[in-house]
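Under our numbering, the first residue of the sequence shown is numbered 66, with each subsequent residue one higher.
Scroll down for the structure; my scribbles are underneath it.
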Amino acid sequence: MDRIAQLEARLARLEDEREISRLIAAYGPLVDAGAAEDVAALWTEDGAYDVDEIYLEGREQLARMVRSSAHQGWISGGCAHFVGPPHVTVDGDTAIAVCHSLMVVHQDGSFVVRRATANHWALARTGEGWKVTRRTNRILDGRAESPGLLRQGAYGEPAFL
């Protein structure tokens, strides 16, 4: 491969990583704003969100979660979903990203961390750009699967739970 082709390939990979990082970074602000359809649009039509206590499949279920009274209660009480910078591994038209997230809530005049989680993201390049095909979260409470998700993601591996 000649020098120009190598530079083009490197630039394309960096652009993919940046687009994926921006997509992941958009989740917190959008979910805290209650922007249900915009949150759902981060996923593919059949994308899944696997969290400890819930499993959501498809954009409509994701949007319903954001519109739910439980989630709206978090917003009205004061909360921030902080998603840390992701480590992204691109492989052609698919990618794996991994990061931590914190859910910070306003409680009794202070802010407290309600949850700290391991986040494993599987993504695909679509006609609409990069989209989440599956996000798997596990709370960091000492269970073995949580650091396992972090390790798998750091090596660009799919989530094996």
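Idealized CB from N, CA, C, for every residue including glycine.
Every value quoted in this text rests on a predicted model; they were computed, and no experiment measured them.
Item	Value
Proximal residues to residue 181 (C-beta, below 6 Å), its chain only, five neighbours per side dropped	167 and 205
When 216, 202, 173 and 155 are compared against residue 84, the one with the closest alpha-carbon	155
Secondary structure of residue 149, DSSP reduced to three states	coil
Backbone secondary structure at residue 103 - three-state DSSP	helix
Cβ-Cβ distance between residue 163 and residue 215 below 7 Å	yes
For residue 117 and residue 198, the rounded distance between their alpha carbons	17 Å
Whole-Å CB distance - residue 82 paired with residue 153, under 8 Å assumed	5 Å
Cβ neighbour criterion (16 or more within 10 Å) applied to residue 229	Residue 229 lies beyond the residue range present for the chain, which begins at 66 and ends at 226; the question has no answer from this structure.
For residue 75: DSSP bridge partner residues	In DSSP, residue 75 forms no bridge with anything.
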